[in-house]
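Residue numbers (mature numbering (1 follows the signal peptide of the UniProt record, and there is no 0)): -25 to -1, 1 to 60.
Don't be surprised by glycine CBs; every beta carbon is placed ideally from N, CA and C.
This one's a predicted model, so the numbers in the text were calculated from it and none came from an experiment.
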Amino acid sequence: MRLIATCFFLLTLAACSRLSPERYAQIETGMTRAEVIGLLGEPDQTDGASLLGISGESAIWQSGGTTVTIRFVNDKVIGKDMEKR
């Protein structure tokens, strides 16, 4: 039973740490969407559009009181925000 509780705790801790300031700082303009997902995992929400060969997307990750929003154009980072409540 202790092993199960420890595993659950570690998984919970790992899920929370995906939105750490250290990981956020690693995200740079020009990174690909795949690179960002490698750092943060799949986003919790996305919204996008495409017009005349240009695609845009806003992806949101949330954990606890932290929200990270990354904006992409043609699958490359053009902006990022991190908000803690």
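Just list the residues that DSSP pairs residue i with in beta bridges.
{"i": "Asp22", "result": "Ser33"}
{"i": "Gly54", "result": "Arg46"}
{"i": "Thr4", "result": "The partner list for Thr4 (beta bridge, DSSP) is empty, contrary to what the question assumes."}
{"i": "Ser38", "result": "Thr41"}
Closer than 7 Å by C-beta to residue i: which residues in its own chain qualify, once you throw out the five before and the five after it? Chain order, please.
{"i": "Thr7", "result": "Asp50, Lys51"}
{"i": "Arg(-3)", "result": "Leu14, Leu15"}
{"i": "residue 74", "result": "The structure shown does not extend to residue 74, since the chain spans only -25 to 60, so no value can be given for it."}
Below 8 Å on the Cβ atoms is my guess for residue i versus residue j; work out the distance and round it to an integer in Å.
{"i": "Val48", "j": "Leu(-7)", "result": "That pair is no contact at about 23 Å."}
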